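Residue numbers (the working numbering): 12 to 353. The C-beta atom is built at its ideal place from N, Cα and C for all residues, glycine as well. Bear in mind that the values here come from a model prediction, so they are computed numbers and not experimental data. Taking it in order: structure first as structure tokens, then the write-up.
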Ligand SMILES: [Zn+2]
Ligand SMILES: [Zn+2]
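Here it is as structure tokens:
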């Protein structure tokens, strides 16, 4: 497999049904290419070459006829197609796609494809754990929680109330400034807007929470609770890393603390990795579950969200680290946020 050249032999993923896997890969890539917004996008899978292909087609009009004829003998009304993934500079100029946007598309596309392939791995891991749980389930029952894995689509609806999303507008009161980086002063990017009330989370935590990151210098970070009277405000960050995307579905899974049993079959699976709502933190350091104390009362907080470096925020915490947002039910106005890397 080579995502750089979109070479993905479906046979490598023997546990996945090939037609379904092919469809999921094509859909993920099409979503990313369409977000680039240039021409008609066609994504398909070439069975002979075992390769995904992304083409952008543009109609030849009076306005682009001369430029189009530099590529081929063309007439008005015909259409001209280019390999968008290949990113030939002359083709990008014709399509009106600048290099940065194209690089972001490639990065996003690769991540989306990895996400599809990882989802299959997770399903296989869960299946592998099944027999172990049938035998030892009682032993870890006290260490079981429900978590919900977000499924996202690129883009946001006009009405953001009751939505959970990554990237884009933050909810601020008219008199609140957009959060700035404590280190460099630049506007930080919104990585997560979570409406806990509208989510499946039933752990006594209500309200809306947001996580920000300075994607310029990489230092500034912030988690905050949205205050009463706030409304969505567009991000002032001109070239965001995190493309706005909304959660369209939540997949419910059983989640176990990675420290619940020392059996290697179990610890190989441990707490669910990736972005998730609720559940247990998939720790990268530490050897046991520790309370995350509330900054106000030192009482235990509830894990609300896990953000992963291979997740939807398009941000990496250190060396493939993970970040956690947790909230004290008595002090929801002061959420706790921290991250670890291996
Ligand atoms: Zn900064
Ligand atoms: Zn507290």
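(message) For residue 233, list the residues DSSP reports as bridge partners.
(response) In the chain shown, the residue the question calls residue 233 occupies position 222. For residue 233, which the question treats as bridged, DSSP gives the partners 223.
(message) Using a Cβ-Cβ cutoff of less than 8 Å, which residues in the same chain neighbour residue 216 once the five nearest sequence positions on both sides are dropped?
(response) Position 205 of the chain shown holds residue 216. 207, 313, 315, 338, 340, 343.
(request) Output yes or no for whether 7 Å exceeds the beta carbon distance between residue 202 and residue 241. (result) Within the chain shown, residue 202 is the residue found at index 191, counting from 1. Within the chain shown, residue 241 is the residue found at index 230, counting from 1. Cβ distance not < 7 Å, so residue 202 and residue 241 don't count as in contact.
(request) Rank 173, 155, 330 by C-alpha distance to the C-alpha of residue 219 and give the top, closest one. (result) Against the chain shown, residue 219 aligns to sequence position 208. The residue with the shortest Cα to Cα distance from residue 219 is 173.
(message) ligand 3 and residue 310: does the residue's C-beta get closer than 6 Å to at least one heavy atom of that ligand?
(response) Ligand 3 is not among the ligands present in this structure, which contains only ligand 1 and ligand 2.
(message) Taking 6 Å as the cut-off, is the beta-carbon of residue 216 closer than that to any non-hydrogen atom of ligand 1?
(response) Position 205 of the chain shown, counted from the first residue, corresponds to residue 216. No heavy atom of ligand 1 is found nearer than 6 Å to the CB of residue 216.
(request) Give me the Cα-Cα distance between residue 301 and residue 134, rounded to the nearest whole angstrom. (result) Along the chain shown, one-based indexing puts residue 301 at 290. Along the chain shown, one-based indexing puts residue 134 at 123. Rounded to whole angstroms, residue 301 to residue 134 spans 28 Å at the Cα level.
(request) Consider the C-beta atom of residue 18 and the heavy atoms of ligand 2; say whether any pair is separated by less than 6 Å. (result) As a working note, residue 18 is residue 7 in the chain shown. Ligand 2 never approaches residue 18 closely enough for any of its heavy atoms to be under 6 Å from the residue's Cβ.
(message) I'd like to know if the region 90-103 and the region 21-35 are in contact, where contact means that at least 3 CB-CB pairs between them fall below 8 Å.
(response) No: the two stretches stay apart, fewer than three of their Cβ pairs being nearer than 8 Å.
(request) Reducing DSSP to helix, strand and coil, say where residue 292 ends up. (result) As a position in the chain shown, residue 292 is number 281, starting the count at 1. Coil, per DSSP.
(message) Within a Cβ cutoff of 6 Å, which residues of the same chain sit near residue 243, ignoring the five residues on either side of it in sequence?
(response) Your numbering for residue 243 matches position 232 in the chain shown. By the criterion of a C-beta distance shorter than 6 Å, residue 243 is surrounded in its chain by 171, 180, 182, once the five residues flanking it on both sides are discounted.
(request) Along the beta strand (DSSP E) that carries residue 182, what are the first and last residues, could you check? (result) Residue numbering aside, residue 182 sits at position 171 when the chain shown is read from its first letter. First-last of the beta strand (DSSP E) with residue 182: 181-183.
(message) Among 318, 63, 146, whose alpha-carbon lies nearest the alpha-carbon of residue 332?
(response) Translated into positions along the chain shown, residue 332 becomes position 321. Checking every option, the nearest Cα to that of residue 332 belongs to 318.
(request) Give me the Cα-Cα distance between residue 106 and residue 335, rounded to the nearest whole angstrom. (result) If you number the chain shown from 1, residue 106 lands on position 95. If you number the chain shown from 1, residue 335 lands on position 324. Taken atom to atom, the span from the alpha-carbon of residue 106 to that of residue 335 is near 40 Å.
(request) Would you identify the three-state DSSP class for residue 83, choosing helix, strand or coil? (result) Here residue 83 is taken as the residue at index 72 of the chain shown, counted from 1. DSSP places residue 83 outside both helix and strand once states are collapsed to three, so it counts as coil.
(request) Determine, using beta carbons only, whether residue 17 and residue 47 come nearer to each other than 7 Å. (result) Within the chain shown, the letter at position 6 stands for residue 17. Within the chain shown, the letter at position 36 stands for residue 47. Taking 7 Å as the Cβ cut-off, residue 17 and residue 47 do not qualify as a contacting pair.
(message) Determine whether the beta carbon atoms of residue 190 and residue 223 lie at a separation below 7 Å.
(response) Working through the chain shown from its first residue, we reach residue 190 at position 179. Working through the chain shown from its first residue, we reach residue 223 at position 212. Their beta carbons are under 7 Å apart, which means residue 190 touches residue 223 by this criterion.
(request) Could you tell me the boundaries of the alpha helix (DSSP H) in which residue 150 lies? (result) Your numbering for residue 150 matches position 139 in the chain shown. The continuous alpha helix (DSSP H) containing residue 150 extends over residues 110-151.
(request) Would you kindly report the start and end of the unbroken beta strand (DSSP E) that includes residue 66? (result) Position 55 of the chain shown, counted from the first residue, corresponds to residue 66. Bounds of the beta strand (DSSP E) holding residue 66 are 62-70.
(request) Along the alpha helix (DSSP H) that carries residue 278, what are the first and last residues, could you check? (result) Position 267 of the chain shown, counted from the first residue, corresponds to residue 278. Start and end: 275-278.
(request) Determine the contact status of residue 205 and residue 175, defining contact as a CB-CB distance below 7 Å. (result) Within the chain shown, residue 205 is the residue found at index 194, counting from 1. Within the chain shown, residue 175 is the residue found at index 164, counting from 1. Yes, these two residues count as a Cβ contact at 7 Å.
(message) According to DSSP, residue 161 sits in a beta bridge with which residue or residues?
(response) As a position in the chain shown, residue 161 is number 150, starting the count at 1. In DSSP, residue 161 forms a bridge with 261.
(request) Assess, as a yes-or-no matter, whether the region 253-269 is touched by the region 152-162 under the definition of 3 or more beta carbon pairs within less than 8 Å. (result) Segments in contact, yes.
(request) Return the chain-ordered ranges of every alpha helix (DSSP H) run that is complete within the region 293-350 and spans a minimum of 4 residues. (result) Those alpha helix (DSSP H) runs which fall completely within the region 293-350 and span 4+ residues do not exist here.
(request) For the beta strand (DSSP E) containing residue 244, list its first residue and its last residue. (result) As a first step, residue 244 is located in the chain shown; it is residue number 233 there, counting from the start. For residue 244, the uninterrupted beta strand (DSSP E) run begins and ends at 242-244, by DSSP.
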